[in-house]
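**Q**
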Amino acid sequence: MSERDHSVHSHTPRAARIGIYAILVFAALFYLTPLYVIVITSLKSLQEVHLGNLLSLPLRPTFDAWREAWSSACSGATCQGVQVYFWNSVHLVIPAVLISTAFGAVNGYVLTKWRFRGSDLFFSLLLIGTFIPFQMILLPMAWVLGKIHLENTIAGLVMVHVIYGLAFTTLFFRNFYVTIPNELVKAAMIDGAGFFTIFWRILLPVSTPIFMVTIIWQFTQIWNDFLFGVVFTSGAIHPITVALNNLVNTSTGVRRYNVDMAAALIAALPTLLVYLIAGKYFVRGLTAGSVKG
Amino acid sequence: MSDAHDTPPRPGVRDTLQRLMPKLVLSPTFLAAVFFLYGFILWTIWLSLTRSTLLPNNVWAGLAQYRYLFGNGIWWTSLINLGIFGTLYIGLSMAIGLFLAILLDQRIRGEGIFRAIYLYPMALSLIVTGVAWKWMLNPGLGLEKLVHDLGFTHFSFDWLINPKMAIYTVVVAAVWQSSGFVMALFLAGLRGVDDSVIKAAMIDGASLPRIYWSVIIPSLRPSFFSALILLTGLAIKSFDLIMAMTGGGPGFSTYLPANFMYDFAFQRGQIALGAASAVMMLVAVGLLVGPFILLESRRKSDV
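Protein sequences, first through last, are from chains A and B. If you want our numbering, it's the position in the first sequence, counting the first as 1, plus 423. If you want our numbering, it's the position in the second sequence, counting the first as 1, plus 29.
1) Looking at C-alpha atoms only, which residue of B:Y241, B:G221 and B:R220 is the closest neighbour of A230 (chain B)?
2) Within 10 angstroms of its Cβ, does D614 (chain A) collect 16 or more other Cβ (buried), or is it exposed?
3) Throw me the rounded Cβ distance for the V629 (chain A) and F595 (chain A) pair, which I believe falls under 8 Å.
4) Where does K266 (chain B) land, buried or exposed, given buried means 16+ other C-beta within 10 angstroms?
5) Whole angstroms is fine: what's the gap from G68 (chain B)'s alpha carbon to N598 (chain A)'s?
6) Does the CB of Y147 (chain B) have a neighbour CB from chain A at under 9 Å?
7) Alpha helix (DSSP H) containing S56 (chain B): first to last residue?
8) Going straight from the alpha carbon of A690 (chain A) to that of A496 (chain A), what length do you get?
9) Relative to the C-alpha of P85 (chain B), which candidate in B:G303, B:L324 and B:V314 has its C-alpha closest?
10) Identify which residue in A:F649, A:Y680, A:K703 and A:A701 has its Cα closest to the Cα of W164 (chain B).
11) So the alpha helix (DSSP H) P457 (chain A) belongs to, where does it begin and stop?
12) Run through chain A and tell me which residues come within less than 7 Å of V314 (chain B), C-beta to C-beta.
13) Can you tell me where the alpha helix (DSSP H) with L592 (chain A) in it begins and where it stops?
14) Could you name the residues of the segment 667-687 of chain A whose beta carbon sits closer than 7 Å to any beta carbon of chain B, in the order they occur along the chain?
15) Would you mind sorting Q296 (chain B) into buried or exposed? The rule is 16 or more other CB atoms within 10 Å of its CB.
16) List, in chain order, every chain B residue whose beta-carbon is nearer than 8 Å to that of M559 (chain A).
17) T501 (chain A) bridges to which residues according to DSSP?
18) Does any residue of chain B have a CB that is nearer than 9 Å to the CB of P457 (chain A)?
19) Applying the criterion that 16 or more other CB atoms from any shown protein chain within 10 Å of the CB defines a buried residue, is A659 (chain A) buried or exposed?
20) Please list the partners that M151 (chain B) has in chain A, where partner means a Cβ-to-Cβ separation under 9 Å.
21) List the residues of chain B that N476 (chain A) touches, going by C-beta distances under 7 Å, in chain order.
22) Residues in its own chain within less than 7 Å of Y284 (chain B) by CB, not counting five upstream and five downstream?
23) Considering only residues of the same chain and omitting the five flanking positions on each side of K193 (chain B), which have a CB-CB separation below 8 Å?
24) Mapping the DSSP letters down to three states, classify W89 (chain B) as helix, strand or coil.
25) Are there three or more Cβ pairs, one per stretch, closer than 8 Å when the segment 239-253 of chain B is compared with the segment 215-229 of chain B?
26) Name, please, each residue of chain A whose Cβ falls closer than 8 Å to the Cβ of P85 (chain B).
27) Between L568 (chain A) and H183 (chain B), what straight-line distance do the alpha-carbon atoms span, to the nearest angstrom?
28) Nearest by alpha-carbon distance to A98 (chain B): which of B:S252, B:V88, B:L78 and B:G115 is it?
29) Straight-line CA distance for G442 (chain A) to V308 (chain B)?
30) Please report how far the alpha carbon of F64 (chain B) lies from the alpha carbon of V88 (chain B), in whole angstroms.
31) Which residue comes first and which comes last in the alpha helix (DSSP H) that contains G652 (chain A)?
32) Pairing CB atoms from the segment 601-615 of chain A with CB atoms from the segment 570-583 of chain A, are three or more of them under 8 Å?
33) Let's test the definition: count the other Cβ atoms within 10 Å of the Cβ of K536 (chain A) and tell me whether it reaches 16, buried, or not, exposed.
34) Residues of the segment 280-304 of chain B in Cβ contact with chain C at a cutoff of 9 Å, in chain order, please.
35) Report all residues from its chain with a CB closer than 7 Å to the CB of A701 (chain A); omit the five preceding and five following residues, and keep chain order.
36) Please report the residue range of the alpha helix (DSSP H) in which L548 (chain A) lies.
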């Protein structure tokens, strides 16, 4: 987003500008408050949670709630914290992101540089896949996963995420490669370069930004997924989002809000870190994903 | 165009392979789309026409499941909730998003920081969002306690456990999550508005609010449609946030169609009824989102 210098704005009176900043700061506080509340609650003891209020700072900050959330909090019937589920999500997200991104890259390459009769139609049909409510595929997928003995496995969940991520990854790469001049590809073909050589030598070297966008998009989507996780896995195979939900909504015993908040932060940290480090690409993915085709 | 057909076919295995390569590379995705997307959609439609309960079966039931669905009070509650939730969620997200985008477009110092703050909730899982808001709205220890500590000891706030009000707490959390994203869409749109039109309006002596209302906002049409399509899809598919915040309760007071589908298909062993509710969700997306997409693609091809 480039700065635009329209002269409209220089005419805004000083009082109005102060008003604008006041509203912007107020809005910023609205968006930041939940994060602030999660962080300070996670640093309190349960006693302090009950004594203080939402916004009061912890008098004696402690990482006890974090320790409990990580290694001993009860989610459902088991009490081993969220660490197992955190690693489940890690083992899920890495292969799922890499495979779906790799397919997206070569698909995008074919759909722009090796178009054939029907390839545009195929792309349109694939795009519809981004709008379908996933409720439409849950029951058949559960049945198929059972048949191929991948029910309740990380591998099965990886497969599901790869399949339903393909429409997005293909869309990203297709819309990026369409902007790369075909002349470059043609020249390489005349030189006798083959399908993969052209991809490797001409497309890949300029693809870093779109790889960033796609990897970050897929990482965020898959890490944050709840629907596939809750439907296709159970017990020790749950991803972190499902475990967090079970932990917070387990109805037995005294509610340990500080532990709930620590667990929520643990679940949120990976995507928050990615946002902090590479927010630019995250935003690009969001807007690219929404302005389809 | 560098289409594969353009190169004259020459004999040799290597050349044949080269010619087939593009289709070969695309074939896994093609097969996945045919089987796992369109095949599964037909499969689910088929299931909704059977008597499947705990296990799928192929006993024909005609439209019985749809009759049963629309005779089900929980389904109607889900639909009414979706109406309330969807309208408020889409309306508020659009209004707040547009408002913030216009303010941010006034050559604001620190614009990047504001943008980053408004948008970060989109990076969070809806489960995390739900957990955070559930805690903040906790009757007793949440907002209520905070206001008591400020000296208003008679303040009470029980929306989260009040069947009449619980759906509105979900609206607040959902708007918090996605209004910053709508802001980003509108801001990108604002940056694309043609300067010369604005200058012309200024020379005509139009005031700033007038310029926004009659020149700039109408030209944001594409951003408006993108946001509308996206938010409508998100609203119809909403599931996670309900699960984390209210679990559909109290009672069934915050059930949405996606919760109904999950509950009946996977918890209560009523596969055919669950499938029928999924089909209705697809129909809803088709009816509400489809026309916008057609409208926009037609407009694009007109240009």
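Even for Gly, the Cβ is constructed at its ideal location relative to N, Cα and C. Everything numeric in this text was worked out from a predicted model, so none of it was measured.
**A** Let me spell this out:
1) Here the closest residue by C-alpha is B:Y241.
2) It is exposed - the Cβ of D614 (chain A) has fewer than 16 other Cβ atoms within 10 Å.
3) Contact between V629 (chain A) and F595 (chain A) is absent: CB atoms are separated by about 14 Å, not below the 8 Å threshold.
4) Burial call: buried.
5) Their backbone Cα atoms lie some 26 Å apart in a straight line.
6) By this cut-off, Y147 (chain B) is an interface position.
7) Counting along the chain, the unbroken alpha helix (DSSP H) around S56 (chain B) starts and ends at V42 to A61.
8) Taken atom to atom, the span from the alpha-carbon of A690 (chain A) to that of A496 (chain A) is near 14 Å.
9) Considering only alpha carbons, the answer is B:G303.
10) Comparing C-alpha distances from W164 (chain B) to each of A:F649, A:Y680, A:K703 and A:A701 shows the shortest one belongs to A:Y680.
11) Segment R437 to S465, the alpha helix (DSSP H) holding P457 (chain A).
12) Within chain A, the residues near V314 (chain B) are F554 and P556.
13) The amino acid at residue 592 (chain A) is misidentified as Leu; the sequence shows Thr. That run of the alpha helix (DSSP H) goes I577 to Y600.
14) Flagged, chain order: L667, N668, V671, N672, Y680, D683, M684 and A687.
15) So Q296 (chain B) ends up on the exposed side.
16) In chain order: F69, I70, T73, A307, V308, M310 and L311.
17) Looking at the DSSP assignment, T501 (chain A) forms a beta bridge with A:S498.
18) Interface flag for P457 (chain A) against chain B is set, since a Cβ pair is found closer than 9 Å.
19) Flag for A659 (chain A) reads exposed.
20) Within chain A, the residues near M151 (chain B) are T643, Y698, F705, V706 and L709.
21) Per Cβ cutoff of 7 Å: K174, L175 and D178.
22) So the list reads I103, T106, S107, N110 and G277, once near-sequence residues are dropped.
23) So the qualifying residues of the chain are S282.
24) Note: W89 (chain B) maps to strand in three-state DSSP.
25) Counting C-beta pairs with one atom in each stretch, the segment 239-253 of chain B and the segment 215-229 of chain B have three or more that are closer than 8 Å, which means they touch.
26) Within 8 Å Cβ-Cβ: L562 and W566.
27) Rounded to the nearest angstrom, the two C-alpha atoms are 55 Å apart.
28) Reading the sequence as shown, one finds Leu at residue 98 (chain B) and not Ala. Among B:S252, B:V88, B:L78 and B:G115, the Cα nearest to that of L98 (chain B) belongs to B:L78.
29) V308 (chain B) has its alpha-carbon roughly 49 Å from the corresponding atom of G442 (chain A).
30) Computed Cα separation, rounded: 23 Å.
31) Where G652 (chain A) is concerned, the enclosing alpha helix (DSSP H) stretches over L650 to F655.
32) With the cut-off at 8 Å, the segment 601-615 of chain A and the segment 570-583 of chain A do not touch.
33) Buried, since its Cβ has 16 or more Cβ neighbours within 10 Å.
34) Among the chains of the structure shown, chain C does not appear; the protein chains present are A and B.
35) If we look at A701 (chain A) and ignore the five residues flanking it on each side, its Cβ neighbours are M635 and I639.
36) For L548 (chain A), the enclosing alpha helix (DSSP H) has its first and last residue at S542 to I551.
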